[in-house]
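Heads up, the thing below is written out as structure tokens.
There are 2 protein chains.
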Amino acid sequence: MSKKDKAQRPKARRPKGFRDAFAPQVIARRDMLDKISSVYERFGFQPLETSSIEYVDALGKFLPDKDAPDTGIFAFRDDLDDQWLGLRYDLTAQLARVVAEHRLELPTPFRRYQYGPVWRREIKPGKDRFRQFYQCDFDTVGAGSITADAEVCEVLAAAMRALGINDFVIRVNNRKVLNGLLEVLGIDDPAICGDVLRSLDKLDDLGMEGLAAQLGEGRKDKSGSIVAGVGLETPAIDQLLAYLQCRADDRAATCAALMKMTEASEAGREGVEELMQIDELLQVMDLGPEQVRFDPSLVRGLDYYTGPVFEIELPFEVKVKGKTKKFGSVAGGGRYDYLVERFTGQKVPATGASIGVDRLLAALEHLEGDSQELPLGPVIVTIMEKDRLGEYQRMVQELRSASIAAELYHGSSGFKAQMKYADRRRAPVVVIAGGSEFEKGEVTLKNMGLGKKLAEEIDDNKTWRNEQPAQTTVASNQLAASVQAILRGE
Amino acid sequence: MSKKDKAQRPKARRPKGFRDAFAPQVIARRDMLDKISSVYERFGFQPLETSSIEYVDALGKFLPDKDAPDTGIFAFRDDLDDQWLGLRYDLTAQLARVVAEHRLELPTPFRRYQYGPVWRREIKPGKDRFRQFYQCDFDTVGAGSITADAEVCEVLAAAMRALGINDFVIRVNNRKVLNGLLEVLGIDDPAICGDVLRSLDKLDDLGMEGLAAQLGEGRKDKSGSIVAGVGLETPAIDQLLAYLQCRADDRAATCAALMKMTEASEAGREGVEELMQIDELLQVMDLGPEQVRFDPSLVRGLDYYTGPVFEIELPFEVKVKGKTKKFGSVAGGGRYDYLVERFTGQKVPATGASIGVDRLLAALEHLEGDSQELPLGPVIVTIMEKDRLGEYQRMVQELRSASIAAELYHGSSGFKAQMKYADRRRAPVVVIAGGSEFEKGEVTLKNMGLGKKLAEEIDDNKTWRNEQPAQTTVASNQLAASVQAILRGE
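Protein sequence lines, in the order shown, are assigned to chains G and W. Heads up: the first sequence runs through residues 15 to 504, numbered per this note's numbering. Heads up: the second sequence runs through residues 15 to 504, numbered per this note's numbering.
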């Protein structure tokens, strides 16, 4: 081949920040999504699948305030009607568009679940930061009742249990309580409010002391650089720290403490009352404080939350860069009453949550051990004589008719490579027939599982090679029955 | 609301050429993909899920020969490493990239299936032409054996049968035969070869006469405009028409006739011999000529096919714009030995096929009647008294514990709207409890299916209204058992 040809050949590599999922990952993810979907359906949510692409103005957060609206999302100008199109970055913005577009045909409330990939234009993709990942959401749109918020906890708990995860904590807070607190403290500058909320959300990372510094003059981060503080005065900082101390094991106690701090504000009072109602419903749901905890430090990043917010935390510990820390959040959500209003001008109360599928898969893998093993492959029928393809085909046919996953070897390599192939595919059984077998009307079966086990047990390589204890020869009309017997472990 | 606010609100509409799938469609598609996947797995194919985005140079067909490579695909320049990224337009180009990238870790042959959306930048999206649609592919890469090609027919037939479709024809041809024919005719200008193949592929539309004109001087289309012809001389045209006449009910007869026409060419001979081998294997597979037909007119558009090509046709008739025509193709594929070579420089023989999921769904809908009906919804527990939320919650809880899909009404409307909601959700049963029920420890159940039936049968609206025969009242501790009895049709 000429140098020129080689130079023109593209390099085979996937784009940075993207992944391919091979059989073990695809199967694990599919299995997880099936289980979660069953839970969602038991609660009356029905599936929806929106297209991956939206007009950028409908995606909302990334409104085109400059020529190219593509910070954070993958966007492209489309000739068709001279608009910007973008890949969805979550499933909620699309839900709002769907509800606004079809509001006359859809029932109210509209309860849907959806799973699928979302795309983010990460500037620094890395080990835990991808440009495409899966979400699995459920939402109730058109539901003002607090029962819908309490149900979010119930659905999340049921989903975790369906996956065999019993050690989880659902953290709950209410944005109205946070707003009430800021009101009581007389903090009304939106920028400072944002800074305060962002700081509270970092309690777990910073600790009380670090948080106090962050709320005040600023602090030094690990590298020693100065991080600018919010600049609050000491009395306000003390109040905020006291607010965080409201976290108690008993949800009613947390509510009582929060009420004391925020009852001077109408929003605060309303927020705490909602938490109290949620607590009552949680008790009916048998969700005690070890499963659902009211946590004043929970904020949740997105601007659009307007009421109760939720986050599932998995408390088991993992090592990250040599440091032991909690596995952390695998799902989150909350009430957002203004998302549909963006389109219609009418307030439509909504609540729901999103499970981070890839993150939860990582958690399951950690809990259950390595699930990356290839699943057991098909029975492989090897080709010993190339002029008997029809007869090999008949064998594979017979196996499949008996509902055994089976495959004819379609490559062009010799016997040894075929056995190696069967091994790589994790074939449970290999079917072998050469001249002498055909003559006698027989077929040889190699039990690959047993072969492996014996190869590990038998030291005497010679015995092993000569006796081939994992191989049996059977009459060819007994092929399917004999393979089935091996698969059953007989 | 001010005019300015309204002007800034985006219109809720999905982009042109894209679709949202609601519950009936999502469920029908999922069901179809499950059935097809099971077939693929029985044949030993394992799932793969590539990311949606590739470097544009890896997508191949759309190499950036100009600044913006985005004709036909959705592409965008990415800052991260200053390259063009594009959404996949099929699943095969990605398979080639994956095999080239991971060739040392993957078994040979590599047998994978994949389903998922693909994207095409259609300039004129319309009723049957979308910018995002589903494909469901299976391929064997690293398989030179003709058994792999014959197996494609077997897999496609098994997939159709798994979906309950028994009336299908798999058309088979071999590009080597077509190439041999062109060689025998002395046609070697690549442009003219392309024109001839494209014309042959239109046999079903043009008929023999129209095709003859198309191959020669040209023809008038329906609108009366002149379509330029390929410009062949009469003897060559006669040969091509004779070639098409090789189509016979008997595959062996077709092979014999094709051999006569093309045996002067090595490619032609090889191609016919392959078809003969496929015929032998098809017989072992019990796939007779009514299921798999050798069809000399089949070409398949893509440039990369190098051997046997396949297409499933559904022969039942549909009306399109008032004209009756066959439903037509729902899947296609073939052998492509050069796709991986683009990356590695080494020829890697491969074969497989792609099922057009959305097209097949449309066929199923036509065959089975309207499947667009919403599936049965959950049992709905209505809210009559807002201060008894905990008690309603307990009811819905009890139903779910008995594995009954159930939902609490989370909206804020009155009873009539709640019943309308239950009707729109296709709830089988509605649970009703007001003051008097709570007092007596009872609960009222409305059988929605029966209610509908009676409403249709009973003329006397008054009887209906007063007696409410579809309603029963039961002790509240009998809730789950009574609902179950209704669901069982008792």
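Glycine included, C-beta positions come from ideal geometry on N, C-alpha and C. Since the structure is predicted, the reported quantities are computational estimates derived from the model, not experimental observations.
Whose Cβ in chain G lies nearer than 7 Å to the Cβ of residue i?
i      : result
R439/W : P121
G156/W : G425
L403/W : T161 and L295
F57/W  : E421
F512/W : There is simply no residue 512/W to check, as chain W begins at 15 and stops at 504 in what is shown.
R414/W : R56
Which bits of chain W does residue i rub up against, with CB to CB less than 7 Å?
i      : result
V40/G  : P61, L62 and E63
G197/G : Here the sequence assigns Glu to residue 197/G, which means Gly is not the residue at that position. By Cβ distance, chain W contributes nothing, its closest Cβ being about 25 Å from E197/G, past 7 Å.
V112/G : D34
E392/G : Correcting the residue type first, residue 392/G is Pro in the shown sequence and not Glu. Under the 7 Å cutoff, chain W gives G58.
Give the C-beta separation of residue i and residue j to the nearest angstrom, bearing in mind that I take them to be a contact with Cβ-Cβ under 8 Å.
i      : j      : result
F59/G  : Y129/G : About 11 Å; that fails the 8 Å criterion.
A420/W : P392/W : 5 Å
A176/G : S52/G  : 7 Å
V488/W : V457/W : 6 Å
G238/W : Q228/W : That pair is no contact at about 16 Å.
Q97/G  : T64/G  : That belief does not hold up - the Cβ atoms of Q97/G and T64/G are roughly 17 Å apart, past 8 Å.
Tell me which residue opens and which closes the beta strand (DSSP E) that residue i is part of.
i      : result
I184/W : V183 to N188
Put residue i into one of helix, strand or coil per three-state DSSP.
i      : result
T365/W : strand
Y129/W : strand
N491/W : helix
N461/W : strand
P78/W  : In this prediction, P78/W scores a pLDDT of 34, lower than 50, which makes its location untrustworthy; the coordinate-derived value is nonetheless stated afterwards. Coil at P78/W, not helix or strand.
Q149/G : strand
Q259/G : coil
M15/G  : With a pLDDT of 44 at M15/G, under the threshold of 50, the modelled position of that residue is not reliable, and no figure is offered here.
I394/G : strand
R438/W : helix
T154/W : strand
V497/W : helix
D264/G : coil
R373/W : helix
K467/W : helix
K274/W : helix
T161/W : helix
A227/G : helix
A345/G : strand
Where does the unbroken alpha helix (DSSP H) through residue i begin, and where does it stop?
i      : result
R356/G : E355 to T358
F452/G : G449 to K454
K234/G : Looking at the DSSP string, K234/G is not in any alpha helix (DSSP H); the run it does join, the beta strand (DSSP E), is G232 to K234.
V444/W : No alpha helix (DSSP H) contains V444/W, which is instead part of the beta strand (DSSP E) from V443 to I446.
V8/G   : With chain G represented from 15 up to 504, any question about residue 8/G goes unanswered, as that position is not in the structure.
R134/W : That residue, R134/W, is in no alpha helix (DSSP H); it is neither H nor E in DSSP.
Below 8 Å on C-beta distance, what does residue i contact in chain W?
i      : result
A376/G : Going along chain W, no residue has its Cβ under 8 Å from A376/G, so there is no contact; the nearest lies around 16 Å.
L312/G : Ordered by position in chain W, no residue passes the 8 Å Cβ test against L312/G, which lies about 22 Å from the chain.
R356/G : R23 and P24
G370/G : Chain W residues near G370/G: none, gap ~17 Å exceeds 8 Å.
For residue i, go through chain G and note every residue whose CB falls closer than 9 Å to its CB, in chain order.
i      : result
Y435/W : P121, T122 and P123
L94/W  : P29, K30, G31, R135, E136, I137, K138, P139 and R145
R12/W  : An answer regarding residue 12/W cannot be provided, because it is not within the stretch 15 to 504 covered by chain W.
Using a C-beta to C-beta distance shorter than 9 Å, which residues of chain W count as neighbours of residue i?
i     : result
D71/G : P24 and K25
Can you pull the chain G residues whose beta carbon is under 8 Å from the beta carbon of residue i, in chain order?
i      : result
I67/W  : P29, F32, F88, W133, R145 and Q146
L109/W : Correct list: empty, because the minimum Cβ distance to chain G is about 10 Å.
L99/W  : P29 and F88
Problem - Every unbroken beta strand (DSSP E) within the stretch 85-112 of chain W, with a cutoff of 3 residues, ordered by chain - result: Runs of the beta strand (DSSP E) inside the stretch 85-112 of chain W: 89-92 and 97-101.
Exercise for the section: Note down, one range per segment and in chain order, each beta strand (DSSP E) of at least 3 residues found wholly within the stretch 28-75 of chain G. Expected result: Entirely contained in the stretch 28-75 of chain G, the beta strand (DSSP E) runs reaching 3 residues are, in chain order, 67-69.
Exercise for the section: Note down, one range per segment and in chain order, each beta strand (DSSP E) of at least 3 residues found wholly within the stretch 167-225 of chain W. Expected result: List check, beta strand (DSSP E) in window: 183-188.
Problem - Entirely enclosed beta strand (DSSP E) segments - the stretch 397-436 of chain W, minimum 3 residues - result: Runs of the beta strand (DSSP E) inside the stretch 397-436 of chain W: 420-422.
Problem - 3 or more residues per run - each beta strand (DSSP E) lying fully within the stretch 282-337 of chain W - result: Restricting attention to beta strand (DSSP E) runs no shorter than 3 residues, the stretch 282-337 of chain W encloses them at 306-308 and 322-334, ordered along the chain.
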